[in-house]
Amino acid sequence: MCSALDCHVVVLQQRSAGRPKVAHAVVVIFMEFFAWGLLTTPMLTVLHKTFPQHTFLMNGLIQGVKGFLSFMSAPLIGALSDVWGRKSFLLLTVFFTCAPIPLMRLSPWCFFALMSVSGLFAVTFSVIFAYVADITEEHERSTAYGLVSATFAASLVTSPAIGAFLSLRYGDSLVVLLATIIAVADILFVLLVVPESLPDKMRLSSWGLPISWEQADPFASLRKVGKDSTVLLICVTVFLSYLPEAGQYSSFFLYLGQVINFSSEAIAGFIAMVGILSIGAQTLLLSVLMKKIGNKSTVLLGLGFQLFQLAWYGFGSEPWMMWAAGAVAALSSITFPSVSALVSRCTDHDQQGERSNTATLH
């Protein structure tokens, strides 16, 4: 009798939770980056006021520490999510990514310190891509990845403009409050709505097998990558692609404001323009390219666009050049989802989390 009752409870829980869908991943990503997008203008202001003499240097240090901590923790989070499921680690990454937001107005120093330390768990994209890989077939994966990446772009279409408007009209405190509310809503959505994507039978088969230091060690992950020539080449591609973009994204909006003399409204408009074009690139364009020229050629085309936009930004000195380069940057956004699809194709189903994090940490 008890056994039948337990089964009935499990069935009810499954029905209430629903089946995992790409839409769940889309909502999580949208809310997380929408919350941070609202803070684009206030954060630039706070950064400049807190470190008036060393704004660019401190911005680079904060982003550098955050990136290094993500590099150190990503393999462990990926390996653990392969064993214990995606939901708990999705909750963990979203919580720590959003944790610094309320501190922006309370204590800027604590905000930037916690923002740096949050890199230990700020790998939401990697867990999300593993989540999507769990619930999609191989031929659907590149489209799903493109949709998730496009959602990131969509979250930035309006949020910086909204944040800049509210900051100008009502002050930064309201913007921080709104971003905090959205971040809390995102955490609650993961906790109460998002169902687990990794099948029980796959997780249960791993129970009792301890997570080894080799799985948690990022340098061991790099050595393991060297044994698979295909994955090694993909990781080298990711590293060489991310290296210049990491520097670009960490300081670009500050550069637009301080050097090119973009106003807050112009920066918000620039982000919106790039976001809208990126949505089209990562959905319609990516889908067409994957069918017409294949996965590898799509990656190469994306890297070509990336090279072009980086050179344009580097040599450009006029505002109109920044806008034109932004359009090319939007086209280069097809690189990440196409590379992620390539990694997923080369990975066993029960190692999606570990490999997604290993490739991303480069």
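Just so we're on the same page, the working numbering is the position in the sequence shown counted from 1, plus 5. We put the beta carbon where it would ideally sit given N, CA and C, even for glycine.
- Put simply, of PHE257, THR340, SER78 and PHE61 the residue whose alpha carbon is nearest the alpha carbon of ASN300 is THR340.
- Looking only at THR98, LEU125 and LEU182, the smallest Cα-Cα distance to GLN68 is reached by LEU125.
- When secondary structure is reduced to three states using DSSP, LYS26 falls in the coil class, being assigned neither helix nor strand.
- It is roughly 27 Å from the alpha-carbon of PHE61 to the alpha-carbon of ALA79.
- Nearest Cα to THR156 within the set PRO57, GLY280 and ILE106: GLY280.
- Taking the Cα positions, ARG350 is about 19 Å away from GLY307.
- Here the segment 271-286 makes contact with the segment 319-334; the two share three or more CB pairs at distances below 8 Å.
- The C-beta distance from PRO47 to MET109 rounds to 7 Å, short enough to fall under 8 Å.
- Taking C-beta atoms as the reference points, SER343 and GLY151 count as a pair closer than 9 Å.
- If you draw a straight line from the Cα of LEU237 to the Cα of TRP317, it comes to about 29 Å.
- Listed in chain order, the alpha helix (DSSP H) elements of length 4 or more contained wholly in the segment 132-192 are 143-175.
- Cβ atoms of LEU43 and ILE186 stay farther apart than 8 Å, at about 10 Å.
- By the Cβ neighbour-count rule, PRO57 is exposed, with fewer than 16 other Cβ atoms within 10 Å of its own.
- The Cβ atoms of VAL153 and ILE133 sit closer than 9 Å to each other.
- Shown here, ALA104 sits in coil according to DSSP, grouped into three states, outside any helix or strand.
- PHE257 sits away from SER160, with the two beta carbons spaced by 9 Å or more.
- Apart from sequence neighbours up to five positions away, the residues of its chain that approach PRO107 with a beta-carbon distance below 6 Å are THR185, ordered along the chain.
- Rounded to whole angstroms, CYS240 and LEU97 show a C-alpha spacing of 25 Å.
- For GLU201, there is no enclosing alpha helix (DSSP H), since its DSSP letter is neither H nor E.
- With a beta-carbon spacing of about 21 Å, LEU282 and ALA346 fall beyond the 8 Å limit used to define contacts.
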